[in-house]
Amino acid sequence: LCTQGDASQVIGPLTEGQKRNVAVVNSLYKLHQSVTKVVSSQNSFPAVAEQTIMSALKTIHALMGNAVQPLLTSVGDAIEAIIITMHQEDFSGSLSSSGKPDVPCSLYMKELQGFITRVMSDYFKHFDCLDFVFDNTEAIAQRAIELFIRNASLIRPLGEGGKMRLAADFAQMELAVGPFCRRVSDLGKSYRMLRSFR
Numbered sequence: 139l140c141t142q143g144d145a146s147q148v149i150g151p152l153t154e155g156q157k158r159n160v161a162v163v164n165s166l167y168k169l170h171q172s173v174t175k176v177v178s179s180q181n182s183f184p185a186v187a188e189q190t191i192m193s194a195l196k197t198i199h200a201l202m203g204n205a206v207q208p209l210l211t212s213v214g215d216a217i218e219a220i221i222i223t224m225h226q227e228d229f230s231g232s233l234s235s236s237g238k239p240d241v242p243c244s245l246y247m248k249e250l251q252g253f254i255t256r257v258m259s260d261y262f263k264h265f266d267c268l269d270f271v272f273d274n275t276e277a278i279a280q281r282a283i284e285l286f287i288r289n290a291s292l293i294r295p296l297g298e299g300g301k302m303r304l305a306a307d308f309a310q311m312e313l314a315v316g317p318f319c320r321r322v323s324d325l326g327k328s329y330r331m332l333r334s335f336r
């Protein structure tokens with residue numbers, strides 16, 4: 139299991155450490171699935187045996203989490219860094235003569251969408267356990283939405299054109315975090331906040 143710096147990089151292709159972690163997680167997942175299948179096919183187990191097996195399955199799941207945690211932390215940090223760059227953009231402009239913003243969404247939002255799409259295709263697609271991946275990436279999506287709303291509420295000065303662009307960013311944020319979850323509406327409170335703030 140690799141927990142050093144190369145386990146958490148999100149700039150280039152998978153490192154050897156990340157490939158090793160993917161292999162470990164996939165092997166643990168197959169073991170978890172196989173043991174679960176054997177247990178479910180048995181009519182009865184002594185209670186002690188069942189408790190021991192369930193405890194071991196929880197340990198396997200925890201090990202899988204330990205293997206992906208450096209990558210998840212790095213992805214979360216990178217998303218936060220991208221969202222914070224919204225404060226470098228100018229939202230003070232007025233509406234253009236057409237009444238629509240000149241740009242459909244802000245540059246930071248395009249960068250965020252590209253980053254999330256790339257992370258899912260470059261790193262997370264290699265895992266065989268989609269439910270496990272989504273269980274972990276949904277938490278990142280929720281945090282990203284909360285950071286986005288918090289930072290968007292601080293933007294000043296905010297002109298009419300800026301309001302329109304920010305409204306477009308809210309719609310794009312929903313699309314941006316989409317690859318991190320089964321359905322964006324599954325994000326619960328964070329999703330409802332995003333919809334109502336928009």
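Mapping to my numbering: the sequence shown position 172 is 310, numbers consecutive.
The beta-carbon is built from N, C-alpha and C at its ideal position, and this holds for glycine as well.
Query - Selected residue, minimal CA-CA separation from Val-257, among Ser-244, Ile-278, Tyr-246 - result: Here residue 257 refers to the residue found at position 119 of the sequence shown. Here the closest residue by C-alpha is Ile-278.
Query raised in the report: Is Pro-208 buried or exposed, if buried means 16 or more other CB atoms sit within 10 Å of its CB?
Result: Start at 1 with the first residue of the sequence shown, and residue 208 comes out as number 70. Counting the other Cβ atoms within 10 Å of the Cβ of Pro-208 gives 16 or more, which makes it buried.
Report task. Under the assumption that Leu-304 contacts Ile-287 (Cβ atoms under 8 Å), give the Cβ distance between them as a whole number of angstroms. Result -> The residue you call residue 304 lines up with position 166 of the sequence shown. The residue you call residue 287 lines up with position 149 of the sequence shown. The pair is not a contact, with the Cβ atoms about 11 Å apart (cut-off 8 Å).
Query raised in the report: From Gly-231 to Leu-285, what distance separates their C-alpha atoms?
Result: Taking the sequence shown and counting its residues from 1, one reaches residue 231 at position 93. Taking the sequence shown and counting its residues from 1, one reaches residue 285 at position 147. About 23 Å.
**Report entry** Asp-273 versus Cys-267 - alpha carbon distance
**Finding:** To locate residue 273, count along the sequence shown from 1; it is residue 135. To locate residue 267, count along the sequence shown from 1; it is residue 129. The alpha-carbon atoms of Asp-273 and Cys-267 are separated by roughly 10 Å.
Query - Own chain, CB closer than 6 Å to Leu-250, minus 5 neighbours either side, in chain order - result: The count along the sequence shown starts at 1 and reaches residue 250 at position 112. Taking Leu-250 as the centre and dropping the five residues before and after it, the same chain places the C-beta of Ile-220, Ala-314 closer than 6 Å to its C-beta, in chain order.
Query - Sequence-distant residues of its chain with Cβ nearer than 8 Å to Gln-171 (five each side left out) - result: For the purposes of this step, residue 171 is identified with residue 33 of the sequence shown, where counting begins at 1. Hits under 8 Å: none found.
Query raised in the report: Assuming Ser-275 and Phe-318 make a contact with CB atoms under 8 Å, what is their CB distance in whole Å?
Result: Residue mapping note: residue 275 aligns to position 137 of the sequence shown, counting from 1. Residue mapping note: residue 318 aligns to position 180 of the sequence shown, counting from 1. Checking the displayed sequence, the identity of residue 275 turns out to be Thr instead of Ser. Yes, Thr-275 and Phe-318 are in contact; Cβ-Cβ is about 4 Å, under 8 Å.
Query raised in the report: In angstroms, rounded to a whole number, what distance separates the CA positions of Tyr-261 and Cys-243?
Result: Looking up residue 261 in the sequence shown gives position 123. Looking up residue 243 in the sequence shown gives position 105. Taking the straight line from one Cα to the other gives about 26 Å.
**Report entry** Close Cβ partners of Gly-316 (< 6 Å) along its chain, the five nearest in sequence each way excluded
**Finding:** Against the sequence shown, residue 316 aligns to sequence position 178. Here the set comprises Val-322.
Query raised in the report: How should Leu-139 be labelled, buried or exposed, when 16 other C-beta atoms within 10 angstroms of its C-beta is the threshold for buried?
Result: Here residue 139 corresponds to residue number 1 of the sequence shown, with the count starting at 1. It counts as exposed.
Query - Per-residue burial, Val-213 [other beta carbons within 10 Å of its own, 16 or more giving buried] - result: Along the sequence shown, read from residue 1 onward, the residue named residue 213 stands at position 75. The residue is buried, with at least 16 neighbouring Cβ atoms inside 10 Å.
Query raised in the report: Whose C-alpha, out of Gly-143, Val-148, Val-176, is nearest the C-alpha of Gly-252?
Result: Taking the first residue of the sequence shown as position 1, residue 252 is located at position 114. The shortest Cα separation from Gly-252 among Gly-143, Val-148, Val-176 belongs to Val-148.
Query raised in the report: In terms of residues, what are the limits of the alpha helix (DSSP H) holding Ser-212?
Result: Your numbering for residue 212 matches position 74 in the sequence shown. Run containing Ser-212: 185–222, per the alpha helix (DSSP H) assignment.
Query - Where the alpha helix (DSSP H) through Glu-154 begins and ends - result: As a first step, residue 154 must be located in the sequence shown, where it is residue number 16. Unbroken alpha helix (DSSP H) run through Glu-154: 154–179.
Query raised in the report: Between His-264, Val-163, Glu-298, Val-160, which lies nearest to Leu-233 when the distance is taken from Cα to Cα?
Result: By one-based count along the sequence shown, residue 233 stands at place 95. Ranking the options by Cα distance to Leu-233, first place goes to Glu-298.
Query - Beta-carbon contacts of His-264 that lie in its chain and below 6 Å, excluding the five residues immediately before and after - result: Here residue 264 corresponds to residue number 126 of the sequence shown, with the count starting at 1. If we look at His-264 and ignore the five residues flanking it on each side, its Cβ neighbours are Val-160.
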